[in-house]
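Undergrad: At position 160 of the sequence shown (counting the first as 1) the number is 160 in my numbering, and the numbers step up by one without a gap.
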Amino acid sequence: MKYIKTSVENNVITLTITRPQALNALNTEVLSELSTAIREVGEHPDYRCLVIRGSGNRAFVAGADISEMVDYTPEQAFDFSMFGNRVFAQLEQLPIPTIAVVHGYALGGGMELAIACDIRIATPNARFALPETGLGIIPGFGGVFRLGRLIGEGRAKYMMYTGKTVGGEEAYRIGLVELLAQPEELEEMLDDTLKRILNNSQVAIDKLTNIFAYAHADASAADFLQEAEHFKACFAHPDQKERMQSFLDKQNAK
Numbered sequence: 001m002k003y004i005k006t007s008v009e010n011n012v013i014t015l016t017i018t019r020p021q022a023l024n025a026l027n028t029e030v031l032s033e034l035s036t037a038i039r040e041v042g043e044h045p046d047y048r049c050l051v052i053r054g055s056g057n058r059a060f061v062a063g064a065d066i067s068e069m070v071d072y073t074p075e076q077a078f079d080f081s082m083f084g085n086r087v088f089a090q091l092e093q094l095p096i097p098t099i100a101v102v103h104g105y106a107l108g109g110g111m112e113l114a115i116a117c118d119i120r121i122a123t124p125n126a127r128f129a130l131p132e133t134g135l136g137i138i139p140g141f142g143g144v145f146r147l148g149r150l151i152g153e154g155r156a157k158y159m160m161y162t163g164k165t166v167g168g169e170e171a172y173r174i175g176l177v178e179l180l181a182q183p184e185e186l187e188e189m190l191d192d193t194l195k196r197i198l199n200n201s202q203v204a205i206d207k208l209t210n211i212f213a214y215a216h217a218d219a220s221a222a223d224f225l226q227e228a229e230h231f232k233a234c235f236a237h238p239d240q241k242e243r244m245q246s247f248l249d250k251q252n253a254k
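1. Helix, strand or coil for A215, going by three-state DSSP, please let me know.
2. Among the residues of its own chain, which have a CB less than 7 Å from the CB of T133, if the five just before and after it don't count?
3. In the DSSP output, what is T14 paired with across the bridge?
4. Assuming L130 and G108 are in contact, meaning their beta carbons sit under 8 Å apart, how far apart are those beta carbons, in whole angstroms?
5. Just the Cα atoms here: how many angstroms apart are N27 and D191?
6. Answer with buried or exposed for N24, where buried requires no fewer than 16 other C-beta atoms within 10 angstroms of its C-beta.
7. Going by DSSP, name the residue or residues bridged to T98.
8. Any chance the CB of L198 is under 7 Å from a heavy atom of the ligand GTP?
9. Can you check whether the CB of S55 is closer than 8 Å to the CB of I17?
10. If you draw a straight line from the C-alpha of G110 to the C-alpha of A116, how long is it?
11. Which same chain residues end up closer than 8 Å to E75 when comparing Cβ atoms and leaving out the 5 residues on each side of it in sequence?
12. Could you check where the beta strand (DSSP E) with L107 kicks off and where it finishes?
13. Determine the DSSP secondary structure at F235, reduced to helix, strand or coil.
14. Along the alpha helix (DSSP H) that carries F80, what are the first and last residues, could you check?
15. Across which residues does DSSP place R120 in a beta bridge pair?
16. Nearest by alpha-carbon distance to I167: which of F128, I137, G142, E153 is it?
17. What's the C-alpha gap between S220 and E178?
18. Quick check on DSSP: helix, strand or coil for R149?
19. Which whole-angstrom value describes the C-beta separation of A171 and A126, a residue pair presumed to lie in contact below a C-beta threshold of 8 Å?
20. Given a cut-off of 8 Å on the beta-carbon distance, is the pair I121 and M189 in contact?
21. How many Å lie between C234 and G148 at the Cα?
22. Nearest by alpha-carbon distance to V87: which of L34, N10, H237 is it?
23. The alpha helix (DSSP H) that contains A37, what's its start and end?
24. Going by C-alpha to C-alpha distance, which of I197, V8, A77 sits closest to G136?
25. Drop a sphere of 10 angstroms on the beta-carbon of R39, count the other beta-carbons inside from all chains shown, and report buried for 16 or more, exposed for fewer.
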């Protein structure tokens, strides 16, 4: 794979998104590789935990790739949203615990990827946001529904309406991340968390993951279709193209 690197140690598989020149932004190719990797993880009988990381020191995943999205037709936008939703649903339905290790930016689709995992470990320099409203669109990969489930509907609405960026310490305080570690302590905290999981009954953890998957499966399918329809509608309005193009112009001017 070009953008997804894998490593395995002690029955733990790590997927690292490696597109650092674009801050690991999610385009169609990255999502396709991620889907394949997640499917292969689910089919492997020996894996007991999945860790997802971003390469480089600036970002976990800085969102979906705006340069790819800016000229989408409404129909293409719908397909992109449904594709991303299917990939993240694959992740959420895996029969093993999943952990996102977040440093730097986790914006838009990157934050949606993190909250599709079971557990999030972050550093104080992590930056979480769903800034889509500033680009004339809405979150399109399940964030509308998952974020409220995680931190409460009121806080989720506030983050989405305002596009506010939340740092690692505030994310820990509001329950957006479960564990907070200084950068030099991050690997130790991850290792400790993995050891705790691996030392427990695999049978019991399998049953827990099955229950969690069952609890979200039926509602998720209908929710994600509704989200994709509204995501599509945003791309029928000139506001989307104007805002995205303005964003890209500012990025290119730097």
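Where a beta carbon is used, it is the ideal one built from N, C-alpha and C, also for glycine.
Keep in mind it's a predicted model, so treat the numbers as computed, not measured.
TA: Let me spell this out:
1. Residue numbering aside, residue 215 sits at position 215 when the sequence shown is read from its first letter. Note: A215 maps to helix in three-state DSSP.
2. One-based indexing of the sequence shown puts residue 133 at position 133. Excluding sequence neighbours, T133 sits near M160, Y161, G163.
3. Locating residue 14 in the sequence shown gives position 14, where the first residue counts as 1. For T14, DSSP records a beta bridge to S7, V51.
4. As a position in the sequence shown, residue 130 is number 130, starting the count at 1. As a position in the sequence shown, residue 108 is number 108, starting the count at 1. Indeed they touch by this definition, with Cβ atoms about 6 Å apart.
5. Residue numbering aside, residue 27 sits at position 27 when the sequence shown is read from its first letter. Residue numbering aside, residue 191 sits at position 191 when the sequence shown is read from its first letter. C-alpha separation (whole angstroms): 30 Å.
6. The sequence position of residue 24 within the sequence shown is 24, counting from 1. The residue is buried, with at least 16 neighbouring Cβ atoms inside 10 Å.
7. Taking the sequence shown and counting its residues from 1, the one referred to as residue 98 is at position 98. Its beta-bridge partners are L50.
8. Only the bare structure without any ligand can be found here, which leaves the ligand GTP out of the picture.
9. What you label residue 17 is simply residue 17 of the sequence shown in a count that begins at 1. What you label residue 55 is simply residue 55 of the sequence shown in a count that begins at 1. Note that the C-beta distance between I17 and S55 is below 8 Å.
10. Mapped onto the sequence shown, residue 110 falls at position 110. Mapped onto the sequence shown, residue 116 falls at position 116. In a straight line, the C-alpha of G110 is about 10 Å away from that of A116.
11. Translated into positions along the sequence shown, residue 75 becomes position 75. Excluding positions up to five away in sequence, the list reads K232.
12. Locating residue 107 in the sequence shown gives position 107, where the first residue counts as 1. Residues 105 to 107.
13. In the sequence shown, the residue the question calls residue 235 occupies position 235. Coil at F235, not helix or strand.
14. Mapped onto the sequence shown, residue 80 falls at position 80. Unbroken alpha helix (DSSP H) run through F80: 74 to 92.
15. In the sequence shown, the residue the question calls residue 120 occupies position 120. Its beta-bridge partners are A100.
16. As a first step, residue 167 must be located in the sequence shown, where it is residue number 167. With the sequence shown as reference, residue 167 is identified as Gly, and Ile is not the correct amino acid for it. Selected option, being the one with the closest Cα: F128.
17. Sequence index remark: in the sequence shown, residue 220 carries index 220 (1-based). Sequence index remark: in the sequence shown, residue 178 carries index 178 (1-based). Approximately 23 Å between the Cα atoms of the pair.
18. Position 149 of the sequence shown holds residue 149. R149: helix per DSSP, three-state reduction.
19. Numbered from its first residue, the sequence shown carries residue 171 at position 171. Numbered from its first residue, the sequence shown carries residue 126 at position 126. About 6 Å separates the beta carbons of A171 and A126, which is inside the 8 Å limit, making them a contact pair.
20. Within the sequence shown, the letter at position 121 stands for residue 121. Within the sequence shown, the letter at position 189 stands for residue 189. The answer is yes: Cβ separation under 8 Å.
21. Counting from one through the sequence shown, the residue named residue 234 turns up at place 234. Counting from one through the sequence shown, the residue named residue 148 turns up at place 148. Rounded to whole angstroms, C234 and G148 show a C-alpha spacing of 21 Å.
22. Looking up residue 87 in the sequence shown gives position 87. Minimum Cα distance to V87 is reached at L34.
23. Looking up residue 37 in the sequence shown gives position 37. Start and end: 28 to 43.
24. For the purposes of this step, residue 136 is taken as the residue at position 136 of the sequence shown. Looking at I197, V8, A77, the one whose alpha-carbon comes closest to that of G136 is A77.
25. Here residue 39 refers to the residue found at position 39 of the sequence shown. By the 16-neighbour rule on beta-carbons within 10 angstroms, R39 is exposed.
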